[in-house]
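Here's the structure we're looking at; comments come further down.
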């Protein structure tokens, strides 16, 4: 799942993975959706694709002018935010392509530990809201363990090998406990991270899903960040815990309006 503003690097990080992962024996670190299903067309109006001539990462529209994604996706200085997408290879008439005017990485982002893996993208022109393009709500509080959430993205759909879908993929997965998350990644998980998925494996995000949304009860609770491999047993996906950043998000938007 990877990072931010010098967009020249964004392409590399996100094209390989939708989530960034730490090295492992079956090192396939970035997040894609494995074991999911094709989302209903244009049903996730907040989902965006970050594009540098091709899809590199996902993101979420949080108001007409701002998108939230993962800091590790920031590798290129110029990129486009694509809204209203379903099939990312074919124009379908509902898309809006808007260049990024400003990218703001969290000041505490650490590429080595992946702590504070969050960034804000200000759109050059406001999005035109419609049934196909609409923002997702920020969390009012942190979601509880076991909450069922929806993950989405155009990342790799294979645990081994490569198969990048044209159509947006979805996966329903539960939030795991802090204890389960820590046991899966000893000494790697911080208070700003949350795990979601299945300890038995088989279903997960993967390369290309990085920066995308984890939505629980209509609120953006997570951002696809990192993991070890994709859909590997006892190695669930790790997400930036958005509920810890609501104040930073609001203050940053006001300061850059």
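Residue numbers (the numbering used here): -2 to 254.
Note that CB positions come from ideal geometry on N, CA and C, so glycine has one too.
No experiment lies behind these values; they were computed from the predicted model shown.
Limits of the alpha helix (DSSP H) - the one that residue i falls within
i, result
"residue 181", "175 to 181"
CB-CB length for residue i against residue j, believed under 8 Å
i, j, result
"residue 176", "residue 114", "About 22 Å; that fails the 8 Å criterion."
"residue 207", "residue 44", "About 13 Å; that fails the 8 Å criterion."
"residue 80", "residue 102", "Their Cβ separation, rounded to whole angstroms, is 21 Å, which puts residue 80 and residue 102 out of contact at 8 Å."
"residue 46", "residue 151", "6 Å"
"residue 166", "residue 36", "7 Å"
"residue 215", "residue 134", "6 Å"
"residue 83", "residue 38", "5 Å"
"residue 194", "residue 233", "4 Å"
"residue 192", "residue 213", "Between residue 213 and residue 192 the Cβ distance is about 13 Å, and since that is not below 8 Å, they are no contact."
Three-state secondary structure assigned by DSSP to residue i
i, result
"residue 227", "coil"
"residue 249", "helix"
"residue 243", "helix"
"residue 26", "Confidence is the limiting factor: at residue 26 the pLDDT is only 39, short of 50, which leaves the residue's position unreliable, though a coordinate-based value still follows. Coil at residue 26, not helix or strand."
"residue 187", "coil"
"residue 216", "strand"
"residue 87", "coil"
"residue 203", "coil"
"residue 195", "coil"
"residue 222", "strand"
"residue 74", "coil"
"residue 254", "coil"
"residue 20", "Residue placement at residue 20 is flagged as unreliable, the pLDDT there being 33, under the threshold of 50; the coordinate-derived value follows with that caveat. Residue state, collapsed to three classes: coil."
First and last residue of the uninterrupted beta strand (DSSP E) at residue i
i, result
"residue 257", "Shown here, the chain extends from -2 to 254; a query on residue 257 therefore has no answer."
"residue 80", "77 to 80"
"residue 213", "210 to 213"
Cutoff 8 Å: residue i Cβ touching any chain C Cβ
i, result
"residue 147", "Absent from the structure: chain C. Only one protein chain is present."
Can you give, in chain order, each stretch of the beta strand (DSSP E) that sits fully within the segment 97 to 171 and has at least 3 residues? 116 to 120, 145 to 150 and 166 to 171
List in chain order: all unbroken beta strand (DSSP E) runs of 3+ residues lying wholly within the segment 38 to 71. 44 to 48, 52 to 60 and 63 to 66
Inter-stretch contact (C-beta, 8 Å, three-pair minimum) for the segment 244 to 253 and the segment 179 to 189: no
Should the segment 127 to 145 be called in touch with the segment 232 to 242, which here means at least 3 C-beta pairs below 8 Å? yes
Counting pairs of Cβ atoms below 8 Å between the segment 71 to 78 and the segment 90 to 97, do you hit three or more? yes
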